[in-house]
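Visitor:
Residue numbers (this note's numbering): 481 to 727.
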């Protein structure tokens, strides 16, 4: 079946993991509050600390997803920038290893699925739509995260370690489509970052869906996204299937 413009109907969905299925922002908050207690100056606004970490103004995580540095290096750099901003001491490799062990432990304690994640999977199953996950983190790590959140039925198709690069490289989306056994035009990709997720997926030939959860946006303009007719914007996973031509 085809929809407007001669494009096929959506028969499969590829899902981002962090801040789409899993409340990674909340997990970072959980970890960063404990980091702040131990390493940073007193009296900080927790939301300011979380916002600084997620903003990653130097772009270290994106450099990692382009294959320019290891995960450890990007997090070490971000940790030292966090300390420089909020009164912590600079950390050499040994000090960072201790910091990261605690950070990672608390981060994992904070992993949880969004309330609309499991209902979406049920809806996809009921609709007979194939689905899987494409992420900018390592494959095994995301499999562990999904299982910890009760989302193990989402099969990880592509991680940043699959090709050595992540989104927005079109290969990651096309490999996800290949794993679904579908053409890109038959697949929607759902993620919380409009550029790396929705626009990049559309550039690869998929339907890009921007999950714009209230209160989680990082400075993106709705208007700029709405100028691109290939992009569908939803505010929750509950509304995702209603926004797509799936029947």
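From the three backbone atoms N, C-alpha and C, an ideal C-beta is built for every residue, glycine too.
So what's residue 645 in DSSP terms, helix, strand or just coil?
Guide: DSSP places residue 645 in coil when its eight states are reduced to three.
Visitor: Report the CB separation of residue 639 from residue 622 in whole angstroms; it is logged as a contact under 8 Å.
Guide: Yes, they are in contact, since the Cβ atoms of residue 639 and residue 622 sit about 6 Å apart, within 8 Å.
Visitor: With DSSP as the reference, please indicate the residues paired to residue 636 in a beta bridge.
Guide: According to DSSP, which records beta bridges pairwise, residue 636 is partnered with 613.
Visitor: Under three-state DSSP, which class holds residue 601?
Guide: DSSP places residue 601 in helix when its eight states are reduced to three.
Visitor: Flag this pair as yes or no: are the beta carbons of residue 553 and residue 544 separated by less than 9 Å?
Guide: Taking 9 Å as the Cβ cut-off, residue 553 and residue 544 qualify as a contacting pair.
Visitor: Can you tell me whether residue 656 is buried or exposed? The criterion is at least 16 other CB atoms within 10 Å of its CB, across all chains shown.
Guide: Burial call: buried.
Visitor: Could you check if residue 613 is buried or exposed, using at least 16 other CB atoms within 10 Å of its CB as the buried criterion?
Guide: Under this definition residue 613 is a buried residue.
Visitor: Per DSSP, what are the beta-bridge partners of residue 608 in this structure?
Guide: Beta-bridge pairing links residue 608 to no other residue.
Visitor: When you compare the stretch 711 to 722 with the stretch 594 to 603, are there three or more beta-carbon pairs, one atom per stretch, that lie closer than 8 Å?
Guide: Yes, the stretch 711 to 722 touches the stretch 594 to 603.
Visitor: Can you have a look at residue 538 and say buried or exposed, based on whether 16 or more other CB atoms are within 10 angstroms of its CB?
Guide: Counting Cβ neighbours within 10 Å, residue 538 comes out exposed, since fewer than 16 surround it.
Visitor: Which value, in whole angstroms, describes the spacing of the CA atoms of residue 578 and residue 496?
Guide: Going by the C-alpha atoms only, they are around 30 Å apart.
Visitor: Would you check if the distance between the CB atom of residue 491 and the CB atom of residue 598 is smaller than 9 Å?
Guide: Not in contact: residue 491 and residue 598 (Cβ atoms no closer than 9 Å).
Visitor: Which residues bound the alpha helix (DSSP H) around residue 514?
Guide: Element bounds for residue 514: 504 to 519.
Visitor: Helix, strand or coil for residue 568 per DSSP?
Guide: Of the three classes helix, strand and coil, the one that applies to residue 568 here is coil, per DSSP.
Visitor: Would the stretch 511 to 520 count as touching the stretch 570 to 588 if we require 3 or more Cβ pairs under 8 Å?
Guide: Touching, yes.
Visitor: Give the range of the beta strand (DSSP E) segment to which residue 668 is assigned.
Guide: From DSSP, the beta strand (DSSP E) with residue 668 extends over 667 to 671.
Visitor: Would you mind giving the Cβ-Cβ distance between residue 681 and residue 493, rounded to the nearest angstrom? I have them listed as a contact below 8 Å.
Guide: Rounded, the Cβ-Cβ distance is 11 Å, inconsistent with contact.
Visitor: Expressed to the nearest angstrom, what Euclidean distance is found between the alpha-carbon atoms of residue 665 and residue 589?
Guide: Their Cα atoms are separated by approximately 38 Å.
Visitor: By alpha-carbon positions, which one of 561, 661 and 556 ends up nearest to residue 573?
Guide: Taking only the C-alpha atoms, the option nearest residue 573 is 556.
Visitor: Quick one: what's residue 687 bridged to in DSSP?
Guide: For residue 687, which the question treats as bridged, DSSP gives the partners 668.
Visitor: How many Å lie between residue 632 and residue 688 at the Cα?
Guide: When rounded, the distance between both Cα atoms is 24 Å.
Visitor: For the beta strand (DSSP E) that contains residue 714, what are its first and last residues?
Guide: Here the beta strand (DSSP E) through residue 714 covers 711 to 714.
Visitor: Mapping the DSSP letters down to three states, classify residue 492 as helix, strand or coil.
Guide: Strand.
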